[in-house]
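J.: Take any residue in the sequence shown, note its place counting from 1, add 1, and you have its number in the numbering used here. Please read through the structure below; I'll follow up with questions.
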Amino acid sequence: MPGQLLHVGAGVKCTHGGTDTAQTPNIRVKVSGMNVLTSADLYPVAACPFQVPVPGGTKPQPCIRIQWAAPATRVKINGIPAILVTSGGSGISAEGAPQGPAVVAGFQIRALAT
2 MPGQLLHVGA GVKCTHGGTD TAQTPNIRVK VSGMNVLTSA DLYPVAACPF QVPVPGGTKP
62 QPCIRIQWAA PATRVKINGI PAILVTSGGS GISAEGAPQG PAVVAGFQIR ALAT
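What follows is the structure, given as structure tokens:
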């Protein structure tokens, strides 16, 4: 599905409000002056407050990373698929459980890819 290329300056959060601080070694491809993200990059999440109910209270179950489901099929950076705004990210807990869709805001709107 076509979409805008995602870059390090975009605002990506987990469903619960934890902030993603994407890290990429890509310095070759930029949009709006910021490095474009790929499927091989790290997407750690900080300050996710999510908790699950357990007998006797709650258990912290924060999102620790964003995992992207569908990177670009035709656009690659150094042979690695680029991430698009439409790639469908999910917050993932330390136990590997998906915890809801990622929320993307503040992305560039000029460069489209598929």
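Every residue, glycine too, gets a C-beta built ideally from N, C-alpha and C.
Quick one: complete beta strand (DSSP E) runs, 3+ long, within the region 14–61?
T.: 52–55 and 58–61
J.: How about V44 and R29: are their beta carbons less than 8 Å apart?
T.: The sequence given here has Tyr at residue 44, not Val. Going by C-beta atoms, Y44 is not nearer than 8 Å to R29.
J.: By DSSP, does S88 sit in helix, in strand, or in coil?
T.: coil
J.: Taking a contact to mean a Cβ-Cβ separation below 8 Å, would you say Q5 touches V104 in this structure?
T.: no
J.: Is the beta carbon of P3 closer than 8 Å to that of S40?
T.: no
J.: First and last residue of the beta strand (DSSP E) that includes P72?
T.: From DSSP, P72 is part of no beta strand (DSSP E); its letter is neither H nor E.
J.: Let me know if K14 comes out buried or exposed under the rule of 16 or more other beta-carbons within 10 Å of its beta-carbon.
T.: buried
J.: For the beta strand (DSSP E) containing V104, list its first residue and its last residue.
T.: Note, V104: beta strand (DSSP E), V104 to A106.
J.: Pull up the CB-CB distance for V76 and A114, whole angstroms please, since I reckon it's below 8 Å.
T.: 4 Å
J.: Take A70 and list the residues in its own chain whose beta-carbon comes closer than 6 Å to its own, dropping the five residues that flank it on each side.
T.: G89.
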